[in-house]
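These notes concern the structure reproduced below.
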Amino acid sequence: MTQPHDILCIGSVLWDIIGRAPSHMRQGSDVPGRITRLPGGVALNIAMTLARFGLRPALLTAVGQDAEGHELITACRELGLITEHAYRSEDLPTDSYMAVEGANGLIAAIADAHSLEAAGDKILRPLEDGTLASAAAPYEGYIALDGNLTQRLLENIAHSPLFARADLRVAPASPGKAERLLPFLAYGRAVLYVNLEEAGLLCQTSFDSSADAAVALVARGAGRALVTDGGNSASDATQDGVITQTPPSVLVTRVTGAGDTFMAAHIAAETTGADHDEALARALTAAANYVSGGHAK
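At position 107 of the sequence shown the residue is numbered 815 (our numbering), and the sequence of numbers has no breaks.
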């Protein structure tokens, strides 16, 4: 029996292996710290935060049938996430992400999302076969989509009639994958969530402020653009204009997952009817709580 849900989260669901040190680090640093393994991935980070806000996210992703995959699915269910629509491959291993963080932020990271990429459009079958939607009855709710999918699949999604009625919210998995979102500028059907660097990559330039970046993305075809810049201002632009706010000042203790938290909190706020100003304020507060070591709330 299909469980009810409030939003679909499409993209990477994997194990995060994060090494954190309390000292400043540089290339070649060898310092004491802590190494943790937690459920992660952009789609999963978004889903976990949405669940903390009382929503019921369903995951469309690829997870292996290996021991790591079974453990990950169990962890997701314990977090209140709906996993019955995930593609469970017998041939592909469960994906993972490894990062090193110091007191001066992210030092380096490697994302191994090859299984998600190899699964391709198999993860979208529930939107085609009538399980969640079909070509005759496209999905009409919120969808959070991440850029860990292949360029080809993202382009197909950007113009696919299966997504024509959805409220589509899209984020890159990292600056290195930002240009995968270019199809969503061409078709203008999505709300983009990016940081200042990612906005520059999409516009093939650099920006001095989040407001300039958000306005430029809309001018290039985005239906709406939200741009963050760490502890500096964040902006939300549409064809009607741009609003800008400054996040709360906090002591940063972690950075991996902050953008995903911002996006999830923003979506959650808008599902309750918050206007653009209120939704941006709530998202910035949630992200500040997260990077300071607390839970988004």
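Ideal placement from N, C-alpha and C gives every residue a C-beta, glycine not left out.
Computed from a predicted structure; not experimentally measured.
Nearest residue (CA-CA) to residue i, options the options
i                 : options                         : result
glycine 719       : Tyr895, Ala996, Val878, Ala907  : Val878
glutamate 848     : Asp714, Phe761, Ala989          : Asp714
glutamine 859     : Phe892, Ala995, Asn940          : Phe892
leucine 789       : Ala966, Leu722, Ala755          : Ala755
threonine 744     : Ser804, Leu853, Asp985          : Ser804
glutamate 792     : Asp738, Leu716, Pro740, Pro846  : Leu716
alanine 783       : Trp723, Ala845, Ser1000, Tyr998 : Trp723
tyrosine 850      : Leu992, Glu986, Ala977, Ala991  : Ala977
leucine 832       : Asn812, Ala819, Leu853          : Leu853
phenylalanine 999 : Gly938, Gly981, Thr979, Ile725  : Residue 999 is actually valine in this sequence, not phenylalanine. It is Gly938 whose Cα lies nearest to the Cα of valine 999.
glycine 736       : Thr802, Gly810, Leu787          : Gly810
proline 883       : Ala841, Ser842, Ala819, Lys830  : Ala819
arginine 990      : Ser731, Val721, Pro834, Thr757  : Thr757
leucine 752       : His778, Leu787, Ser731, Glu798  : Leu787
methionine 971    : Phe761, His732, Asp738          : Phe761
Length of the line joining the Cα atoms of residue i and residue j
i              : j              : result
serine 917     : glutamate 776  : 41 angstroms
alanine 821    : glycine 748    : 12 angstroms
arginine 873   : aspartate 983  : 21 angstroms
glycine 727    : valine 750     : 18 angstroms
alanine 881    : leucine 746    : 17 angstroms
alanine 827    : leucine 870    : 18 angstroms
glycine 658    : aspartate 948  : A query on residue 658 cannot be resolved here, the shown segment of the chain reaching from 709 to 1005 and no further.
arginine 888   : histidine 974  : 22 angstroms
arginine 742   : isoleucine 951 : 39 angstroms
leucine 824    : threonine 769  : 7 angstroms
methionine 709 : glutamate 905  : In this prediction, methionine 709 scores a pLDDT of 44, lower than 50, which makes its location untrustworthy; the coordinate-derived value is nonetheless stated afterwards. Straight-line Cα distance between these residues: approximately 43 angstroms.
alanine 919    : aspartate 774  : 45 angstroms
isoleucine 725 : asparagine 812 : 19 angstroms
glycine 896    : serine 868     : 13 angstroms
valine 721     : threonine 954  : 31 angstroms
proline 846    : glycine 1001   : 39 angstroms
lysine 830     : arginine 785   : 21 angstroms
threonine 802  : proline 834    : 20 angstroms
glutamate 986  : glutamate 798  : 45 angstroms
serine 731     : aspartate 738  : 10 angstroms
glycine 981    : alanine 841    : 25 angstroms
asparagine 997 : histidine 778  : 31 angstroms
With 16 other Cβ atoms within 10 Å as the buried cut-off, status of residue i
i              : result
valine 935     : buried
asparagine 940 : exposed
leucine 861    : buried
leucine 959    : exposed
alanine 866    : buried
glycine 839    : The sequence given here places threonine at residue 839; glycine does not occur at that position. Result: exposed.
Short Cβ contact (9 angstroms threshold) for residue i with residue j
i            : j              : result
alanine 894  : leucine 925    : no
alanine 817  : threonine 964  : yes
alanine 794  : isoleucine 781 : yes
valine 771   : arginine 734   : no
lysine 885   : asparagine 856 : yes
alanine 807  : leucine 814    : yes
arginine 932 : valine 899     : yes
leucine 992  : proline 956    : yes
Whole-number beta carbon distance between residue j and residue i, since they are thought to touch under 8 angstroms
i                 : j             : result
alanine 995       : threonine 969 : 5 angstroms
alanine 688       : serine 943    : This structure cannot speak to residue 688, because the chain is shown only from 709 to 1005.
proline 712       : alanine 729   : Not quite, the Cβ-Cβ distance comes to about 43 angstroms (not below 8 angstroms), so this is no contact.
leucine 910       : leucine 890   : 6 angstroms
threonine 979     : leucine 763   : 7 angstroms
glutamate 836     : alanine 843   : 7 angstroms
phenylalanine 915 : alanine 907   : 6 angstroms
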